[in-house]
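Chemist:
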Amino acid sequence: MGEPAGTGARPTDMSWNPAAAATIAALLATLSGCTSTGPTGAEPTATGTPPAATPAPATTTPTAAASPTTAPPETPTPGTPATAARVVLVRAGGIAGMRDTVTVEPDGRWTRADRAGGTRTGRLSTTDQDRLQQLLADPRLGTETTATADPGDCADAFAYRLTVGDRTTGYVDCDAGPARPPATEALVRLLIGVTG
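Taking the numbering used here, I'd label the letters of the sequence shown as residues 1 to 196.
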């Protein structure tokens, strides 16, 4: 017997409903579109490389001089060279028996103290600092020794003692005594002049 008419298509029949075919096509198009973009759906860049990272700022390492346990060295005034060492000049004697001490620090600051305890302070000018540097570099300074004079001949004369670092020289300002050491005398004249 044959099948009754109008019972429907067989299970193996490949004819589909047009609406079902359109739905499947849309689903396949959506799925294939997911593979052409990144995970966020954004379009890939033209070069395919990520933007360059901003470099980290450079860091500096503090020096030992700036550490909390070590005081930083004093900085000389700009344009003013520093002397190699502290310079101390003592001038004593004269009719009044005076005694002045002039101290010049490596950065050019100076202090002048008198016998009564009065003090004056200041700073060498660039010109005076340059002149001091030249006089300190005089090779004769290292060979000059302290010259003395007979007190009987120069009772009221001034005696000068100059100390530069660990070297000391000096003289008595007496015409009857030994010749004044020239490099020492030049330094004495400069220091008395600029701090007077």
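Virtual Cβ for every residue (Gly too), placed ideally from N, Cα, C.
Suppose you measure from the CA of L89 to the CA of V102; what does that come to, to the nearest Å?
Modeler: Within the sequence shown, numbered from 1, the residue matching residue 89 stands at position 89. Within the sequence shown, numbered from 1, the residue matching residue 102 stands at position 102. C-alpha separation (whole angstroms): 5 Å.
Chemist: Cα separation between R140 and R120?
Modeler: Here residue 140 refers to the residue found at position 140 when the sequence shown is read from its first residue. Here residue 120 refers to the residue found at position 120 when the sequence shown is read from its first residue. Distance between the alpha carbons of R140 and R120: 30 Å.
Chemist: Buried or exposed for P181, please, with buried defined as at least 16 other CB atoms from any protein chain shown within 10 angstroms of its CB.
Modeler: Numbered from its first residue, the sequence shown carries residue 181 at position 181. P181 comes out buried.
Chemist: Suppose you measure from the CA of L190 to the CA of D128; what does that come to, to the nearest Å?
Modeler: Residue mapping note: residue 190 aligns to position 190 of the sequence shown, counting from 1. Residue mapping note: residue 128 aligns to position 128 of the sequence shown, counting from 1. If you take the alpha carbons of L190 and D128, they lie about 8 Å apart.
Chemist: Only counting runs of 4 or more residues, tell me where the alpha helix (DSSP H) segments fall wholly within the stretch 76 to 145, in order along the chain.
Modeler: Runs of the alpha helix (DSSP H) inside the stretch 76 to 145: 126 to 136.
Chemist: With G193 as the anchor, note down where its alpha helix (DSSP H) starts and where it stops.
Modeler: Indexing the sequence shown from 1 puts residue 193 at position 193. Counting along the chain, the alpha helix (DSSP H) containing G193 begins and ends at P182 to T195.
Chemist: Please report the distance separating the alpha-carbon of G196 from that of R161.
Modeler: In the sequence shown, the residue the question calls residue 196 occupies position 196. In the sequence shown, the residue the question calls residue 161 occupies position 161. Distance between the alpha carbons of G196 and R161 is about 17 Å.
Chemist: Beta-carbon separation of A183 and L132 under 8 Å?
Modeler: For the purposes of this step, residue 183 is identified with residue 183 of the sequence shown, where counting begins at 1. For the purposes of this step, residue 132 is identified with residue 132 of the sequence shown, where counting begins at 1. Not closer than 8 Å, so no.
Chemist: Quick check: what's the CA-CA separation for V164 versus V87?
Modeler: Position 164 of the sequence shown, counted from the first residue, corresponds to residue 164. Position 87 of the sequence shown, counted from the first residue, corresponds to residue 87. Distance between the alpha carbons of V164 and V87 is about 5 Å.
Chemist: Considering just the uninterrupted stretch of the beta strand (DSSP E) at A155, what are its terminal residues?
Modeler: Counted from its first residue, the sequence shown places residue 155 at position 155. Neither: A155 is in no beta strand (DSSP E) and is coded neither H nor E.
Chemist: Just reading off the beta strand (DSSP E) that G170 is part of, what are its end residues?
Modeler: Numbered from 1 along the sequence shown, position 170 holds the residue referred to as residue 170. That run of the beta strand (DSSP E) goes R167 to V172.
Chemist: Relative to the C-alpha of A179, which candidate in T146, R167, D156 and G122 has its C-alpha closest?
Modeler: Position 179 of the sequence shown, counting from 1, holds the residue named residue 179. Nearest C-alpha to A179: T146.
Chemist: Return yes when the Cβ of W110 is within less than 8 Å of the Cβ of G118, no when it is not.
Modeler: By one-based count along the sequence shown, residue 118 stands at place 118. By one-based count along the sequence shown, residue 110 stands at place 110. No, these two residues do not count as a Cβ contact at 8 Å.
Chemist: Quick check: what's the CA-CA separation for V104 versus G94?
Modeler: Residue mapping note: residue 104 aligns to position 104 of the sequence shown, counting from 1. Residue mapping note: residue 94 aligns to position 94 of the sequence shown, counting from 1. In a straight line, the C-alpha of V104 is about 23 Å away from that of G94.
Chemist: If I measure Cβ to Cβ from C154 and keep anything under 7 Å in the same chain, skipping five residues before and after, which residues do I get?
Modeler: Along the sequence shown, one-based indexing puts residue 154 at 154. Result list for C154: V172, C174, A176 and G177, in chain order.
Chemist: Should T143 be labelled buried (16 or more other beta-carbon atoms within 10 Å of its own) or exposed?
Modeler: Taking the sequence shown and counting its residues from 1, one reaches residue 143 at position 143. Exposed: under 16 other Cβ atoms inside 10 Å.
Chemist: Give the straight-line distance between the Cα atoms of A137 and S125, rounded to the nearest whole angstrom.
Modeler: What you label residue 137 is simply residue 137 of the sequence shown in a count that begins at 1. What you label residue 125 is simply residue 125 of the sequence shown in a count that begins at 1. Their Cα atoms are separated by approximately 18 Å.
Chemist: Drop a sphere of 10 angstroms on the beta-carbon of G97, count the other beta-carbons inside from all chains shown, and report buried for 16 or more, exposed for fewer.
Modeler: Mapped onto the sequence shown, residue 97 falls at position 97. When all chains shown are included, G97 counts as exposed.
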